[in-house]
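Residue numbers (the numbering used here): -17 to 70.
Worksheet: the structure to be examined is printed underneath.
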């Protein structure tokens, strides 16, 4: 059993990196690059996701769909209307 004061060799470069990593929030500077990246990640991507979701919500209708029937709500409503006029 190796127990003693020098159980593990310490690498000064790794120790310096760990200290810098722990104090990263203290050394942060809001540069133009950081601002653009923050705006992209925290504002643009969620806004794009919201608009894509809003555009495609309630567009598809899988409820009680039969094989060969259209899944788009607009096309399904047109097909139902055409079938209703055909039966009359």
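Ideal Cβ positions, reconstructed from N, Cα and C, are used throughout, including at glycine.
- A distance below 8 Å separates the beta carbons of residue 55 and residue 42.
- Straight through space, the alpha carbons of residue 53 and residue 47 are spaced by roughly 7 Å.
- In the DSSP assignment, residue 42 is bridged to 54.
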